[in-house]
Ligand SMILES: Cc1cc2nc3c(=O)[nH]c(=O)nc-3n(C[C@H](O)[C@H](O)[C@H](O)COP(=O)(O)OP(=O)(O)OC[C@H]3O[C@@H](n4cnc5c(N)ncnc54)[C@H](O)[C@@H]3O)c2cc1C
Ligand SMILES: C[S@@+](CC[C@H](N)C(=O)[O-])C[C@H]1O[C@@H](n2cnc3c(N)ncnc32)[C@H](O)[C@@H]1O
């Protein structure tokens with residue numbers, strides 16, 4: 193389990209980790225080291241120029257100096273790749289304040305931007321978007337070996353940067369380096385200030401051709417490498433392998449919460465998006481609700497739903513900054529169903545289970561606090577979810593679809609999809625083609641199963657809302673969730 197990182201300055205004023213007894217970057221300049229060792233060693237920015245996508249993997253995100261230097265170089269490069277995907281592993285993430293306080297002077301603006309988007313320090317995968325989603329930072333807040341097993345990308349360039357191997361052998365152990373190197377592709381490159389022979393041997397045994405070149409500052413040498421395995425054994429396709437050809441167009445069938453989100457992301461990735469919906473307006477299905485509650489779904493074992501929902505909540509918070517007026521994310525109280533549930537939640541906090549929740553993310557709240565806050569006294573205490581709240585779902589989805597300025601075909605039910613000559617064509621009930629594209633996303637709720645032709649079993653489940661009179665909720669202000677929810 194991760195814990196937050198500790199940082200201070202050493203006697204020469206350089207960012208220093210008391211836990212690892214090592215400095216975060218070269219004393220000759222962190223920004224300069226990033227440019228020389230990591231960008232320079234990997235042949236950047238030239239290597240990404242003209243490409244539609246370039247993927248960098250970093251082991252040890254630290255202060256984000258390397259990432260911020262890459263971000264700046266990408267922004268300044270007129271021939272930059274269309275999309276930059278930067279994946280980084282960090283087991284001891286620093287606080288947003290520390291990122292700003294200890295950043296290189298050259299990177300103050302970028303560090304402020306990162307700090308503003310920095311997630312609450314909870315374990316798992318977090319995604320942060322920059323420049324309309326053209327730059328995606330994916331952070332694995334996890335122990336490196338564990339993160340390596342979950343990585344879902346193949347990289348073009350690799351930045352190993354995990355403190356000195358003498359001080360922190362875990363970040364350079366052969367098992368880890370080989371596991372990360374398994375995500376290399378023909379022609380991938382790596383670069384690091386580390387020249388330890390064991391480390392270079394691990395890179396070589398993983399298929400890298402490595403060399404020593406002139407180092408940065410007082411270090412006479414550094415290591416660069418190129419993935420060129422002697423024996424290219426056939427391996428099964430991995431989920432993170434890139435398709436041979438990235439589609440340029442996509443049909444998004446269904447314009448609810450799911451379809452709007454998919455359309456926005458694919459549009460940001462440069463695809464021509466056509467949206468089709470059976471309703472006469474976007475968000476005409478389950479997403480037609482006026483307000484919905486948005487919060488993480490905690491569990492004692494940090495299960496998939498908890499990890500997904502908290503990661504989703506952080507992304508939602510960031511996304512909704514671009515849609516002022518569509519949400520109120522200033523905390524949400526979740527009342528316990530009964531005393532048993534309340535006791536279970538209290539036990540989580542006593543034992544730090546599944547991890548110590550940052551107070552700004554999740555804490556216990558008693559009935560008195562809730563009464564003062566919301567003007568009503570709940571039967572039981574419960575959880576206070578920081579940064580959670582309510583979202584005006586229908587109006588937000590419609591605004592999201594409108595802002596895309598892509599073709600939206602409404603009042604049109606897709607009866608079937610057919611693939612011919614590399615194109616998916618959607619047909620209506622009369623067999624008339626509606627639209628075609630190279631790929632298709634099914635976000636048509638339960639009808640997705642039928643349209644896909646796959647044996648997916650989806651049930652329709654009726655959701656119910658009751659509209660209460662103003663008198664019935666007199667004195668109540670805000671929102672509360674629990675076995676059901678109430679929004680005023
Ligand atoms: C009463 C109620 C309250 C809820 N409250 C909350 C809440 O507080 N918080 C929360 O997180 N979630 C809540 N939910 C759940 C949430 O609303 C849904 O999970 C979400 O809206 C689903 O979005 P979707 O895009 O998958 O589906 P939908 O919004 O149903 O979108 C599917 C779209 O596909 C279209 N479509 C279907 N078939 C076809 C076809 N063949 N061709 C073309 N178009 C087609 C439909 O017209 C529809 O627009 C609630 C749901 C209900 C019903
Ligand atoms: C030298 S610093 C990285 C500096 C960083 N690349 C930058 O640009 O600022 C090394 C980082 O590795 C992280 N780290 C150390 N051991 C780790 C482990 N076992 N798993 C994951 N991260 C670890 C540390 O918390 C630290 O932030």
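Numbering (this note's numbering), first residue to last: 193 to 680. Don't be surprised by glycine CBs; every beta carbon is placed ideally from N, CA and C.
Its chain contains 278 as the residues whose beta carbon lies nearer than 6 Å to that of residue 259, once the 5 sequence neighbours on both sides are disregarded; these appear in chain order. Taking C-beta atoms under 8 Å as the contact rule, residue 319 and residue 301 fail to qualify, at a distance of about 22 Å. Just measuring C-alpha positions, the residue of 673, 478 and 548 sitting nearest residue 654 is 478. Residue 625 carries a strand assignment under DSSP once its states are collapsed to helix, strand and coil. Residue 442 is a Cβ neighbour of residue 631, given a cutoff of 7 Å. Assignment of alpha helix (DSSP H) within the region 536-587, counting only whole runs of 4 or more residues, yields 559-566 in chain order. Under DSSP, residue 201 forms a beta bridge with 207. The Cβ atoms of residue 554 and residue 575 sit closer than 7 Å to each other. For residue 230, the secondary structure class from DSSP, reduced to helix, strand or coil, is helix. Annotation for residue 413: no alpha helix (DSSP H) segment contains it, though the beta strand (DSSP E) segment containing it runs 413-419.
Cβ contact annotation for residue 588 (same chain, cutoff 7 Å, sequence separation greater than five): 515 and 518, in chain order. No Cβ-Cβ contact shorter than 7 Å links residue 417 with residue 252.
Residue 527 carries a strand assignment under DSSP once its states are collapsed to helix, strand and coil. Under DSSP, residue 632 takes part in a beta bridge, and its partners are 443.
Shown here, residue 404 sits in a strand according to DSSP, grouped into three states.
Membership of residue 349 in the beta strand (DSSP E) is indicated by the continuous run 347-352. Leaving aside the five residues that flank residue 493 on each side, the residues in its chain whose CB is nearer than 7 Å to its CB run, in chain order, 546.
Contiguous alpha helix (DSSP H) elements confined to the region 276-341 occur at 288-293 and 300-309, taking only those with 4 or more residues. Per DSSP, residue 486 is not a residue of any alpha helix (DSSP H); the beta strand (DSSP E) it occupies stretches across 484-486.
When beta bridges are read from the DSSP output, residue 617 appears opposite 610 and 628.
The region 283-291 makes contact with the region 305-323, as at least three CB pairs between them are under 8 Å.
In the DSSP assignment, residue 391 falls within the unbroken alpha helix (DSSP H) covering 389-397. Partner residues in the beta bridge of residue 466, as assigned by DSSP, are 443. When DSSP states are grouped into helix, strand and coil, residue 251 belongs to the strand group. Along the region 642-677, the beta strand (DSSP E) occurs as fully enclosed runs of 3 or more residues at 671-673, listed in sequence order. For the pair residue 334 and residue 242, the Cα-to-Cα distance works out to about 33 Å. DSSP lists no bridge partner for residue 378. In the three-state DSSP reduction, residue 245 falls in the strand class (E or B). Residue 233 holds the alpha-carbon nearest to the alpha-carbon of residue 381 among 562, 532, 233 and 606. Taking a C-beta distance under 7 Å as the contact criterion, residue 633 and residue 454 qualify as a contact pair.
In terms of Cβ geometry, residue 419 and residue 376 form a close pair [threshold 7 Å].
DSSP places residue 600 in the strand class (E or B) of the three-state scheme.
Secondary structure of residue 519 (DSSP, three-state): strand. Rounded to whole angstroms, residue 591 and residue 668 show a C-alpha spacing of 29 Å.
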